[in-house]
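Trainee:
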Amino acid sequence: MFTAGLKSALNGLQPGLTLVEAQSRGQALDYACQGQRFDVILLDLHMPGNDGMDNLLILRDAFDTACIVVLSGETDPDIILQTIKHGAAGYVPKTSGVAELLEALRIVLQGGVALPGPLLRAPYQRAMAPARPPVQRAPGNATLATLSPRQKEALFSAIRGQSNKVIAREMQVAETTVKHHLAIAFRVLGVSNRTAAVYEANRLRLFPDMAAPEGDQSHAV
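With the sequence shown counted from 1, adding 3 to any position gets you my numbering.
#1: Per DSSP, what kind of secondary structure is V181 in: helix, strand or coil?
#2: Given A157, which residues of its chain have a CB within under 8 Å of its CB, disregarding the five upstream and five downstream residues?
#3: Tell me, which residues are paired with P96 by DSSP?
#4: Quick check on DSSP: helix, strand or coil for A3?
#5: So, for P137: in the same chain, excluding its five sequence neighbours on each side, which residues have a beta-carbon less than 7 Å away from its beta-carbon?
#6: Is V111 near C70, with beta carbons less than 8 Å apart?
#7: Rounded to a whole number of angstroms, what is the C-alpha to C-alpha distance between G114 and G100?
#8: Locate the alpha helix (DSSP H) running through V111, then write down its first and last residues.
#9: Beta carbon of L74, beta carbon of A12: below 8 Å?
#10: How many angstroms separate the CA atom of R28 from the CA atom of A204?
#11: Figure out for me which residue from G38, E77, T149 and D67 has the closest Cα to the Cα of M50.
#12: How far does the alpha helix (DSSP H) with L60 in it extend, from its first residue to its last?
#13: Would you tell me roughly how many angstroms separate the C-alpha atoms of Q154 and Q165, rounded to the nearest one?
#14: Hey, out of I83, Y202 and V176, whose CA is closest to D47's CA?
#15: Return the CA-CA distance between P96 and L108, expressed in angstroms with no decimal places.
#16: Do D42 and S151 have their C-beta atoms closer together than 8 Å?
#17: Taking Cβ to Cβ, would you say A226 is nearer than 8 Å to L59?
#18: Based on the DSSP secondary-structure assignment, which residues constitute the bridge partners of I44?
#19: If we count the other Cβ atoms within 10 Å of its Cβ and call it buried at 16 or more, is R40 buried or exposed?
#20: Under a three-way DSSP split, which group does A117 fall into?
#21: What residue range is occupied by the uninterrupted alpha helix (DSSP H) comprising R172?
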């Protein structure tokens with residue numbers, strides 16, 4: 004998955020990083036079976052294993068505390084958007100230089116979503132924001148089905164009023180991971196903050212057995 008040059012670049016980002024290499028999806032899943040946990044996974048979309056999106060979804064669920072950054076030769080905006088909608092924290096074309104890769108990793112480690120320059124333009128920003136679901140939409144299952152178990156857990160805790168710090172402690176992950184989980188969950192709901200997420204969750208009856216939210220719901224993510 005990594006070239007020697009890529010390893011050198013990553014060591015330059017943060018000296019002392021532990022780098023683990025997998026040549027196939029099966030080998031990557033072996034690490035999951037061994038209980039290994041990672042902060043960031045750099046995923047070659049077409050690594051041996053299966054369809055690229057299948058690789059992303061399976062590794063997303065297997066390493067549910069990690070942020071996944073896709074590395075690929077694909078430059079089709081629709082494919083790039085699809086990886087983000089399927090839970091990737093960022094996308095870096097293989098034509099990018101070391102500086103672009105390191106900047107993408109910095110963004111992800113700070114809880115953001117890293118996109119190639121062209122996708123930051125207005126047409127693609129609009130494409131990234133899903134349409135607000137209609138009032139008559141079937142409740143619950145269809146919306147939650149697109150989220151990983153950990154993303155659902157973070158969303159549930161957030162709309163109950165828990166801070167990112169508390170959620171991170173309970174989930175035993177970094178706060179940046181919580182921010183990433185919530186960014187994806189909010190995008191799926193078509194909202195940008197906790198107050199709107201509470202409204203949508205109640206309207207769609209996503210968590211029908213949930214008690215009333217605790218405390219102030221307006222905390223920034």
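Ideal Cβ positions, reconstructed from N, Cα and C, are used throughout, including at glycine. Everything numeric in this text was worked out from a predicted model, so none of it was measured.
Mentor: So, from the data block:
#1: Locating residue 181 in the sequence shown gives position 178, counting from the first residue. In the three-state reduction of the DSSP assignment, V181 falls in the helix class, which pools H, G and I.
#2: As a first step, residue 157 must be located in the sequence shown, where it is residue number 154. Excluding residues within five positions, the ones whose Cβ falls inside 8 Å are I170, M174, V181, H184, L185 and A188.
#3: As a first step, residue 96 is located in the sequence shown; it is residue number 93 there, counting from the start. Answer is S75.
#4: Because the chain is modelled from 4 through 224, residue 3 falls outside the range shown and cannot be assessed.
#5: Indexing the sequence shown from 1 puts residue 137 at position 134. Low confidence applies to P137: its pLDDT is 43, below 50, so where it sits in the model is not reliable enough to give any reading.
#6: Locating residue 111 in the sequence shown gives position 108, where the first residue counts as 1. Locating residue 70 in the sequence shown gives position 67, where the first residue counts as 1. The beta carbons of V111 and C70 sit closer together than 8 Å.
#7: Position 111 of the sequence shown, counted from the first residue, corresponds to residue 114. Position 97 of the sequence shown, counted from the first residue, corresponds to residue 100. Whole-angstrom Cα-Cα distance: 22 Å.
#8: Within the sequence shown, residue 111 is the residue found at index 108, counting from 1. Annotation for V111: the continuous alpha helix (DSSP H) segment containing it runs V101 to L112.
#9: Counted from its first residue, the sequence shown places residue 74 at position 71. Counted from its first residue, the sequence shown places residue 12 at position 9. Taking C-beta atoms as the reference points, L74 and A12 fail to come closer than 8 Å.
#10: Residue mapping note: residue 28 aligns to position 25 of the sequence shown, counting from 1. Residue mapping note: residue 204 aligns to position 201 of the sequence shown, counting from 1. When rounded, the separation of the alpha-carbon atoms in R28 and A204 is 34 Å.
#11: Within the sequence shown, the letter at position 47 stands for residue 50. Of G38, E77, T149 and D67, the residue nearest in Cα terms is E77.
#12: Here residue 60 corresponds to residue number 57 of the sequence shown, with the count starting at 1. Judged by DSSP secondary structure, L60 falls within the alpha helix (DSSP H) whose first and last residues are G55 to A65.
#13: Walking along the sequence shown from the start, residue 154 turns up at place 151. Walking along the sequence shown from the start, residue 165 turns up at place 162. Going by C-alpha positions, Q154 is about 14 Å away from Q165.
#14: Start at 1 with the first residue of the sequence shown, and residue 47 comes out as number 44. Nearest C-alpha to D47: I83.
#15: Residue mapping note: residue 96 aligns to position 93 of the sequence shown, counting from 1. Residue mapping note: residue 108 aligns to position 105 of the sequence shown, counting from 1. Each residue's CA atom was taken as its position, placing P96 and L108 some 13 Å apart.
#16: As a first step, residue 42 must be located in the sequence shown, where it is residue number 39. As a first step, residue 151 must be located in the sequence shown, where it is residue number 148. Their beta carbons are not under 8 Å apart, which means D42 does not touch S151 by this criterion.
#17: The question about residue 226 has no answer, for the chain in this structure spans 4 to 224.
#18: Along the sequence shown, read from residue 1 onward, the residue named residue 44 stands at position 41. The partner list for I44 (beta bridge, DSSP) reads I71.
#19: Taking the first residue of the sequence shown as 1, we reach residue 40 at position 37. By the beta-carbon neighbour count (other beta carbons within 10 angstroms, threshold 16), R40 is exposed.
#20: On the sequence shown, residue 117 is found 114 positions in, with the first residue counted as 1. Residue state, collapsed to three classes: strand.
#21: Against the sequence shown, residue 172 aligns to sequence position 169. Boundaries of the alpha helix (DSSP H) harbouring R172: N167 to M174, taken from the DSSP string.
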